[in-house]
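Student:
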């Protein structure tokens, strides 16, 4: 007891010697407010356009270069195609490439270090990544429209080609998002990207009747297929966004 009493007296003497400054209440409130603005008591939702601009400015230059190369190669390949059937094969094979590249960028850039930073982010992290994928989707549609415009003289039915490419893009995007949600790794998504291109090229080269069948699809059934594939894509994007915080992204295995 005496030892404890002596320690208390020693601590009291130390407090008397040390000059402890009085911090004004306004300064304390200011610091607390700054912490509240930064740390996520509740994830905040901000304007969609603000997020889109943020994501556009932080997108890798490699992604933009890859999309530009895709467009140039596709236009040149369709322009040099021997027939409209070959042109359709090239168009369908390359249709989902920009979207898959966008998804790959999301997966490969979300490293453990980025995940740690996200824990102190006051914005809705899932919302940020969904907008990033949606930017890739819109860009993909825009590129398909540009490719269709620049190669319309080589295509029998440009509108059908565009709708077919968009349907393919949304369906392959649906599969890729399901795989990403299941495994959380970039390698399976890369496999879908490479596998789709190789399979489509082989199918359209060796089976001309497949291209003829696609060209002969009427506009209404094609629009129905586009609607179904779009809904599947939205469903998989919703599932991906809800499981995003539990996914260990960034790896390749």
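Residue numbers (the numbering used here): -3 to 249.
Note that the Cβ used here is the ideal one computed from N, Cα and C, for glycine as well.
Just so we're clear, the structure is a prediction, and the values are computed from it rather than from any experiment.
So, is residue 57 buried or exposed, given that buried needs 16 or more other C-beta atoms within 10 angstroms?
Tutor: Within a 10 Å sphere around the beta-carbon of residue 57 sit fewer than 16 other beta-carbons, which makes this residue exposed.
Student: Please state whether the Cβ-Cβ distance between residue 179 and residue 225 is less than 8 Å.
Tutor: no
Student: Could you tell me the boundaries of the alpha helix (DSSP H) in which residue 168 lies?
Tutor: 154 to 179
Student: Near residue 146, which residues of its chain fall below 6 Å by C-beta distance, leaving aside the five closest residues on each side in sequence?
Tutor: 71
Student: Can you give me the start and stop residues for the alpha helix (DSSP H) that residue 64 sits inside?
Tutor: 57 to 75
Student: I'd like the list of long-range same chain contacts for residue 139, defined as Cβ closer than 6 Å, with 5 residues on each side in sequence excluded.
Tutor: 67 and 94
Student: Taking its Cβ as the centre, do 16 or more other Cβ atoms sit within 10 Å of residue 164, making it buried, or is it exposed?
Tutor: The residue is buried, with at least 16 neighbouring Cβ atoms inside 10 Å.
Student: Alpha carbons only, please: which of 14, 137, 183 and 22 is nearest the one belonging to residue 157?
Tutor: 137
Student: My assumption, with CB atoms under 8 Å, is that residue 98 sits in contact with residue 59. Please give the rounded CB distance.
Tutor: 7 Å
Student: Using only CA atoms, which one of 65, 90, 231 and 174 lies nearest to residue 263?
Tutor: Lying outside -3 to 249, the shown extent of the chain, residue 263 is not represented and no answer is given.
Student: Name the residue from 62, 198, 155 and 19 whose alpha carbon lies nearest to the alpha carbon of residue 219.
Tutor: 155
Student: What is the DSSP secondary structure of residue 131, reduced to helix, strand or coil?
Tutor: Residue 131: helix per DSSP, three-state reduction.
Student: Residues in its own chain within less than 7 Å of residue 233 by CB, not counting five upstream and five downstream?
Tutor: 126, 129 and 173
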